[in-house]
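Numbering (UniProt numbering), first residue to last: 1 to 287.
Structure representation (structure tokens):
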């Protein structure tokens, strides 16, 4: 009787020291990256009086620009933050969720989930804002409405959703140690609660809930591929992980190419207007 391939069942976590920097090195690096970029953004990349224009100049996500050729705004915008409070909340969430995800998936998969979810969330947000605006009867044709999107929350929601998928599978492992089972179950509920609270808070005006939803959805889909594709050996697991990552990157690149080069005349006119406003403010600064 031959063994049949089965979904990867997470093993109970091994005993590790109370503190190991190596175990959280990548998560710490991502948090530090966000802090360093915010410091640079605040002190060296804010020449204009308008906060929104400074963010746009540095690479914030706004659909009139992102959907008309500025695809590079998707990865850049996830590294920017609007203020210190925004940075602090995202850094704390990234540290807590990232440590869990790094322990469960490893460094390479954490990196893939983080950046694919973050970039995909920015793309989803840009298209969602565009769809909402063109279907909003209260908006007038002679005004340009700008919604600036920045922050790592889409990427963090991707990590949170991936952690939920992992922990849900882990608590279903038979004959697991009751203490470990209780810890994993409690952690699962805590992360689920964080996701729900984030989505509820996203109903407020000025919060980019589309990025939250997009990031969580993408992170969940990638993690499903990592965990539930049947494998028999460690080598098959590595190959499957690489395949899922490459497939996710390929789909993301396809979506960027498909949605980010619009020739819609209204969008192009608004793009020109926004860049002209930024240019005018820069010219005033040089006087």
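Ideal Cβ positions, reconstructed from N, Cα and C, are used throughout, including at glycine.
Counting only the Cα atoms, residue 276 lies some 17 Å from residue 67. Per DSSP, residue 82 lies in no alpha helix (DSSP H) and is assigned neither H nor E.
The way I'd put it, the region 156-173 does touch the region 191-205; three or more beta-carbon pairs between them come closer than 8 Å. Taking C-alpha positions only, residue 95 is separated from residue 160 by approximately 11 Å. Proximity to residue 97 across 47, 134, 219, 204 peaks at 219, based on C-alpha coordinates. Here residue 38 is buried: its Cβ has 16 or more other Cβ atoms, across all protein chains shown, within 10 Å. Residue 71 and residue 152 have their C-alpha atoms some 17 Å from each other.
Rounded to whole angstroms, the separation of the alpha carbons of residue 222 and residue 248 is 7 Å. Residue pairing by DSSP leaves residue 196 without any beta bridge partner. Beyond the five residues adjoining it in sequence on each side, residue 50 comes within less than 7 Å, by CB distance, of 281 in the same chain, given in chain order.
In the three-state scheme derived from DSSP, where H, G and I count as helix and E and B as strand, residue 148 is classed as coil.
In the DSSP assignment, residue 61 forms a beta bridge with 149.
Cα atoms of residue 267 and residue 41: separation of roughly 27 Å, rounded to the nearest angstrom. Residue range 73-77 is occupied by the alpha helix (DSSP H) that includes residue 75. Cβ contact annotation for residue 86 (same chain, cutoff 7 Å, sequence separation greater than five): 151, in chain order. Between residue 126 and residue 215, the C-beta gap is not smaller than 8 Å, which leaves the two residues out of contact.
Here residue 24 is actually not in contact with residue 74; their C-beta atoms are around 27 Å apart, not less than 8 Å.
The residue among 89, 149, 136, 260 with its C-alpha nearest the C-alpha of residue 53 is 149.
In terms of Cβ geometry, residue 115 and residue 155 form a close pair [threshold 8 Å]. Spanning the alpha carbons of residue 265 and residue 213 requires a straight line of approximately 29 Å. Residue 124 is bridged by DSSP to nothing; it lacks a bridge partner.
Taking the CA atoms as reference points, residue 207 sits about 8 Å from residue 201.
Counting C-beta atoms within 10 angstroms of its own C-beta, residue 286 has fewer than 16 neighbours from the protein chains shown and is therefore classed as exposed.
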